[in-house]
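Visitor: In my numbering, the protein residues as written are 24 to 152. Quick reminder that beta carbons are idealized off the backbone N, C-alpha and C, glycines included. Keep in mind it's a predicted model, so treat the numbers as computed, not measured.
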């Protein structure tokens, strides 16, 4: 007896996020949340958390609010395992040239990485912070 999966219960999702229920970030695969931020559209047809996009190693802003190189960041992330949780989709890399640790944005926060917002956004693992 194969019963169909129950429909999504939007009552369990905060009303402000209900329109996005069922969507997930192309990087970390999580729904909207307070750590990674809101989901924003990424062409073609994907969604990304604001912080997952902005802190991806390849990504940069030339003009405020326009993030460049997201497709390149996503291609690498799909093949990159997170040092913290072991899941694929890691796009945040330590800025030290000799370091090869990669994280999801939320995992980088849990791992006590340092984030700098100088002339270029950079993330530093705990060993290089």
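#1: Could you spell out the range, first to last residue, of the beta strand (DSSP E) harbouring residue 144?
#2: According to the Cβ coordinates, are residue 71 and residue 95 closer than 8 Å?
#3: Cβ of residue 51 versus every heavy atom of the ligand FMN: is any distance shorter than 7 Å?
#4: Can you give the Cα-Cα distance for residue 131 and residue 58, rounded to whole angstroms?
#5: Within 10 Å of its beta-carbon, does residue 103 have 16 or more other beta-carbons around it, so buried, or fewer, so exposed?
#6: Taking the beta strand (DSSP E) that residue 71 belongs to, which residues open and close that run?
#7: Out of 141, 106, 66, 143, which one is the CA nearest neighbour of residue 134?
#8: Report the option in 85, 99, 109 whose CA atom is closest to the CA atom of residue 129.
#9: Is the separation between the beta-carbon of residue 65 and that of residue 93 shorter than 8 Å?
#10: What's the gap between the Cα of residue 127 and the Cα of residue 119?
#11: Tell me the DSSP secondary structure of residue 78 in three-state form.
#12: Take the Cβ of residue 55 as the centre, count every other Cβ of all protein chains shown within 10 Å, and call the residue buried at 16 or more, exposed below.
#13: Within this structure, are the beta carbons of residue 146 and residue 136 separated by less than 8 Å?
Guide: The structure says:
#1: For residue 144, the enclosing beta strand (DSSP E) stretches over residues 144-147.
#2: Not in contact: residue 71 and residue 95 (Cβ atoms no closer than 8 Å).
#3: In the structure on display, the ligand FMN does not appear, and there are no ligands present to speak of.
#4: Roughly 11 Å separates the two Cα atoms.
#5: Under this definition residue 103 is a buried residue.
#6: Following the DSSP letters along the chain, one finds residue 71 inside the beta strand (DSSP E) bounded by residues 69-72.
#7: Nearest of 141, 106, 66, 143 to residue 134, Cα basis: 106.
#8: Among 85, 99, 109, the Cα nearest to that of residue 129 belongs to 109.
#9: Contact flag set, yes.
#10: Distance between the alpha carbons of residue 127 and residue 119: 17 Å.
#11: Here residue 78 sits in coil by DSSP.
#12: It is buried - the Cβ of residue 55 has at least 16 other Cβ atoms within 10 Å.
#13: Yes. Within cutoff.
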